[in-house]
Amino acid sequence: MEENEFFFQYLQSHKKLVKFITAVTKGEEIGKSPNLSFEDYRQKIHQENVEKLQKFETKLKRVNNKAYVQCMSKPAYIPPSFNFTYHKIRFLEDFINNYHNNIDKFVKRYVTEALPLFTVENMIPTLYLLVIDQKNLTKYVEKKKKKIKRLKDYHETLVDNLKKKLNVKFTLDNTIAALNQILNTIHPSFDSSLAFFCPNPIQDSFEVLLFHPDIFCAEQVNKILTHFSKMSPTDFVFAIVKFVEFVGKTIDKTDSFSLSALIGLCFRAFFDRVYPEVKLFMVPELSFDLIATLHDFTVAEIEPPRACCPPLKDTDKIRDIFKNDAHFSLAVEQAEFISFFTNPLDILHHMYHALCEIEKAAHVYGGNDSALMSFDVTFGLVLCVLLSADIPELMRIAMFTDQFTPETGLCPDFEFARAKLSTASVHLQNKAQQKMSQMKQ
Numbered sequence: 001m002e003e004n005e006f007f008f009q010y011l012q013s014h015k016k017l018v019k020f021i022t023a024v025t026k027g028e029e030i031g032k033s034p035n036l037s038f039e040d041y042r043q044k045i046h047q048e049n050v051e052k053l054q055k056f057e058t059k060l061k062r063v064n065n066k067a068y069v070q071c072m073s074k075p076a077y078i079p080p081s082f083n084f085t086y087h088k089i090r091f092l093e094d095f096i097n098n099y100h101n102n103i104d105k106f107v108k109r110y111v112t113e114a115l116p117l118f119t120v121e122n123m124i125p126t127l128y129l130l131v132i133d134q135k136n137l138t139k140y141v142e143k144k145k146k147k148i149k150r151l152k153d154y155h156e157t158l159v160d161n162l163k164k165k166l167n168v169k170f171t172l173d174n175t176i177a178a179l180n181q182i183l184n185t186i187h188p189s190f191d192s193s194l195a196f197f198c199p200n201p202i203q204d205s206f207e208v209l210l211f212h213p214d215i216f217c218a219e220q221v222n223k224i225l226t227h228f229s230k231m232s233p234t235d236f237v238f239a240i241v242k243f244v245e246f247v248g249k250t251i252d253k254t255d256s257f258s259l260s261a262l263i264g265l266c267f268r269a270f271f272d273r274v275y276p277e278v279k280l281f282m283v284p285e286l287s288f289d290l291i292a293t294l295h296d297f298t299v300a301e302i303e304p305p306r307a308c309c310p311p312l313k314d315t316d317k318i319r320d321i322f323k324n325d326a327h328f329s330l331a332v333e334q335a336e337f338i339s340f341f342t343n344p345l346d347i348l349h350h351m352y353h354a355l356c357e358i359e360k361a362a363h364v365y366g367g368n369d370s371a372l373m374s375f376d377v378t379f380g381l382v383l384c385v386l387l388s389a390d391i392p393e394l395m396r397i398a399m400f401t402d403q404f405t406p407e408t409g410l411c412p413d414f415e416f417a418r419a420k421l422s423t424a425s426v427h428l429q430n431k432a433q434q435k436m437s438q439m440k441q
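First residue of the sequence shown? That's 1 in UniProt numbering, and the numbers climb one at a time after it.
Encoded structure:
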């Protein structure tokens, strides 16, 4: 009785086994030779079940491996009009391969759970023999595989069509056409007053093109990347600028828009690649105590230009006032964005917008007094905004931006933003270190 109870409990906890197993009691067996006892026949059938299960798993794994679709390698350049098709292909590849992987897992689990019935002694009550219904098990698996066949055919059609459209050799003419299309995509969002454009989805296509081994400038690209660790920040930036000039001349695009757009594209592309190798970020950051000290500065300690600020008391924490102010919080938000970029141009762009928001907020509170803000007023407000922003690596980001910003060709607004970020970070570091020294005494 206990034997039967354990057996039925096992089947109850592994319900999927029951679907493809037939239980035969003594006296009901079919096809047994009269010369065989039930016990011998039972042992023979159970041994055959083990062999069937093992062969079934091996065969299905071999067949199913061929059923997986091969993932399409990313083309060197994908025109924007084909992006959706490419992502649809990648989605289908993941879906189909995950589907087949789940079939593999089902079979493996079924075999793993079924084998103990026939290999563990006294697992099955002596009055029963179990027969694996391999025919229905195979039919069940094949039915699941057929469900995905139409998707596999659709995936194959999409891949063939896309490859035909993209089957273009890397000639100079084709590369020039691709770069021109990228520049045309950027043009509507280009800010000529800043010689800058915000990050664009086309960046991905540009980088795939730029780092392709067959592009006309592959040698120059590899040289810049491989020599980065040996170059000073100034030399690295100069190398990118010279590279842009070379590309501009090669594709006959030397106008200010094209060169500025290529500068933006190349800065993002190259800095994304080398950012983890920037030595400045390999040294330990200033202690968290220093960062905490920055957040604890009071109005009395910083002495902001009160005429252009919201109402303040000497004991107020700068961070609490400016971060929660309806106007200055917009500047704080822009400043916080600098943590998310790996190149100096995007950092300066957000610093520039932080300065714009500072000026707007100062006009709200200062009225006519802030019509022409002096250096001291602007500097004081920048300090307050940076103190209020959550920028864990402020000092290093400021130093990185200062070191890797081009010395020439920068618009005046970005130059101003660079100067403010650099001087403010140094001033805050000195103030924090002074305060920490006083606290230790």
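Backbone N, C-alpha and C define an ideal beta-carbon position, used for all residues, glycine too. Please read these numbers as outputs of a predicted model, since none were measured by experiment.
Query, Result
"If you draw a straight line from the C-alpha of isoleucine 176 to the C-alpha of leucine 348, how long is it?", "30 Å"
"In terms of alpha-carbon separation, which member of Val377, Phe271 and Val364 lies closest to isoleucine 302?", "Val377"
"In the stretch 168-218, which residue ranges form an unbroken alpha helix (DSSP H) of at least 4 residues, counting only runs that do not cross its ends?", "172-186 and 202-210"
"If you reduce the DSSP assignment to three classes, tell me which class leucine 254 lands in.", "In the sequence as presented, leucine is not what sits at residue 254; that position holds threonine. Threonine 254 falls in the coil class under three-state DSSP."
"Determine the extent of the alpha helix (DSSP H) in which serine 131 is found, giving its start and end residues.", "First, the residue type needs correcting, since residue 131 is valine and not serine in the sequence shown. Not the alpha helix (DSSP H): valine 131 falls in the beta strand (DSSP E), residues 128-132."
"Considering only their Cβ atoms, is the gap separating cysteine 217 from isoleucine 318 smaller than 8 Å?", "no"
"Could you check what DSSP says for isoleucine 124 in three-state terms: helix, strand or coil?", "coil"
"DSSP state of lysine 74, grouped into three classes?", "coil"
"Contact defined as beta carbons within less than 8 Å: I believe leucine 210 pairs with alanine 114. What is the distance between those atoms, to the nearest angstrom?", "Contact doesn't hold; Cβ gap of about 55 Å is too wide."
"To the nearest angstrom, how far is it from the Cα of arginine 109 to the Cα of glutamate 57?", "10 Å"
"Using the three-state DSSP reduction, which class does isoleucine 21 fall into: helix, strand or coil?", "strand"
"Tell me whether threonine 112 sits in a helix, a strand or coil according to DSSP, three-state version.", "helix"
"Is it the case that the Cβ atoms of alanine 354 and histidine 327 are separated by a distance below 8 Å?", "no"
"What residues match up with threonine 298 in a beta bridge as DSSP calls it?", "Lys317"
"Given cysteine 309, which residues of its chain have a CB within under 7 Å of its CB, disregarding the five upstream and five downstream residues?", "Tyr365"
"DSSP on leucine 36, reduced to helix/strand/coil?", "coil"
"Is the distance from the Cβ of methionine 351 to the Cβ of alanine 417 below 8 Å?", "yes"
"Quick one: Cα of histidine 212 to Cα of serine 260, how far?", "22 Å"
"Helix, strand or coil for valine 278, going by three-state DSSP, please let me know.", "coil"
"Does the count of Cβ pairs from the stretch 326-342 and the stretch 404-419 closer than 8 Å reach three?", "no"
"Since lysine 145 and isoleucine 103 are thought to touch, with beta carbons under 8 Å apart, how far apart are those beta carbons, to the nearest angstrom?", "7 Å"
"Rounding to the nearest angstrom, what Cα-Cα distance links methionine 1 and proline 34 in this structure?", "With a pLDDT of 49 at methionine 1, under the threshold of 50, the modelled position of that residue is not reliable, and no figure is offered here."
"In this structure, how does DSSP classify methionine 351 when only helix, strand and coil are distinguished?", "helix"
"Compute the distance between the beta-carbons of leucine 262 and valine 244, then report whether it is under 8 Å.", "yes"
"Taking the Cβ atom as the reference point for each residue, do leucine 345 and leucine 387 lie within a distance shorter than 8 Å?", "no"
"Please go through the same chain and pick out, in chain order, the residues whose beta-carbon is closer than 6 Å to the beta-carbon of threonine 342, but skip the five residues on each side of it.", "Phe271, Asp272 and Tyr275"
"Name the two residues that bound the continuous alpha helix (DSSP H) containing glycine 367.", "Premise fails: glycine 367 is in no alpha helix (DSSP H) and is neither H nor E."
"Any contact between the stretch 125-145 and the stretch 16-28? By contact I mean 3 or more CB pairs, one from each, below 8 Å.", "yes"
"Which same chain residues end up closer than 7 Å to proline 406 when comparing Cβ atoms and leaving out the 5 residues on each side of it in sequence?", "Val237 and Val241"
"Taking aspartate 314 and alanine 300 to be in contact with their CB atoms under 8 Å, please state how far apart those CB atoms are, rounded to whole angstroms.", "4 Å"
"Just to confirm, is the Cβ distance from isoleucine 338 to isoleucine 397 under 8 Å?", "yes"
"Under 8 Å by Cβ, that's how I've got leucine 294 and alanine 432 pegged, so tell me the actual separation to the nearest angstrom.", "5 Å"
"Quick check on valine 241: does DSSP put it in helix, strand or coil?", "helix"
"Are alanine 269 and glutamate 219 close, meaning C-beta to C-beta below 8 Å?", "no"
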